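A.B. asks:
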Amino acid sequence: MRSEEVEIRTGTDEVVHDLTRTCEEFLGDVDGDGLLHVWVPHATAGLAVLETGAGSDDDLLAALRDLLPRDGRWRHRHGTPGHGRDHVLPALVPPHATIPVLGGVLALGTWQSICLVDTNVDNPVRKVRLSFLSS
């Protein structure tokens, strides 16, 4: 297994950050088949496979704001107001994704991208672990 941790600057706004190119670069010298496992070791971020650039990324953030409002209802209260919602996010947008790799290429659909979903405005830097398990 080959594994590497990368640092992603997400800033201080909610974001859907496309990791697909980072994943492709990680697989740059792979020519076989296997699985790419992507892991976010954070309690307030997740990973999603979805279309980006056509509004779906903004739609996801809007849906999360509807499901998890940034208000005072949360028992987890450190950080900015409503930060407790960020700790619920990984139950809905899991902190992991596994994607098949065929001939060194991610087996994504035409419009699919691998994305870091980060609603935590208190943490501008994230780590993402990429691991390739060859078959």
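Count the sequence shown with this note's numbering and you get residues 795 to 929, in order.
Cβ atoms here follow ideal geometry from the backbone N, Cα and C, with glycine treated the same way.
Here the structure is a predicted model, which means the values were calculated and not measured.
1) CA-CA distance, residue 828 and residue 865?
2) Are three or more beta carbon pairs between the segment 906-923 and the segment 800-808 nearer than 8 Å?
3) Can you tell me which of the three DSSP states residue 848 falls into?
4) The alpha helix (DSSP H) with residue 882 in it runs from where to where?
5) By how many angstroms is the C-alpha of residue 915 removed from the C-alpha of residue 872?
6) Who are residue 867's beta bridge partners in DSSP?
7) Once you ignore the five residues that flank residue 887 on each side, which residues in its own chain have a CB closer than 6 Å to its CB?
8) What first and last residue would you give for the alpha helix (DSSP H) that runs through residue 801?
9) Just to confirm, are residue 797 and residue 928 a CB contact at a threshold of 8 Å?
10) Comparing alpha-carbon positions, which option in 836, 878, 917, 816 lies nearest residue 900?
11) Using the beta-carbon count (16 or more within 10 Å), is residue 808 buried or exposed?
12) Less than 8 Å between the CB atoms is what I'm expecting for residue 884 and residue 848, so what's the real figure, rounded?
13) Following the continuous beta strand (DSSP E) through residue 892, name the residue where it begins and the one where it ends.
C.D. replies: Taking the definition as stated:
1) Mapped onto the sequence shown, residue 828 falls at position 34. Mapped onto the sequence shown, residue 865 falls at position 71. Using only the alpha carbons, I get a separation of about 43 Å.
2) yes
3) In the sequence shown, residue 848 corresponds to position 54, counting from 1. In the structure shown, residue 848 sits in coil (DSSP, three-state: anything other than H, G, I, E or B).
4) Taking the first residue of the sequence shown as position 1, residue 882 is located at position 88. Unbroken alpha helix (DSSP H) run through residue 882: 878-886.
5) Taking the sequence shown and counting its residues from 1, one reaches residue 872 at position 78. Taking the sequence shown and counting its residues from 1, one reaches residue 915 at position 121. About 13 Å.
6) In the sequence shown, residue 867 corresponds to position 73, counting from 1. The partner list for residue 867 (beta bridge, DSSP) is empty, contrary to what the question assumes.
7) The count along the sequence shown starts at 1 and reaches residue 887 at position 93. Hits under 6 Å: 840, 842, 911.
8) By 1-based counting over the sequence shown, the position of residue 801 is 7. Segment 796-803 is the beta strand (DSSP E) holding residue 801; no alpha helix (DSSP H) there.
9) Translated into positions along the sequence shown, residue 797 becomes position 3. Translated into positions along the sequence shown, residue 928 becomes position 134. Going by C-beta atoms, residue 797 is not nearer than 8 Å to residue 928.
10) Stepping through the sequence shown from its first residue, residue 900 is reached at position 106. Ranking the options by Cα distance to residue 900, first place goes to 816.
11) Taking the sequence shown and counting its residues from 1, one reaches residue 808 at position 14. Residue 808 comes out buried.
12) Locating residue 884 in the sequence shown gives position 90, where the first residue counts as 1. Locating residue 848 in the sequence shown gives position 54, where the first residue counts as 1. Wrong, their Cβ atoms sit about 25 Å apart, outside the cutoff.
13) As a position in the sequence shown, residue 892 is number 98, starting the count at 1. First-last of the beta strand (DSSP E) with residue 892: 890-896.
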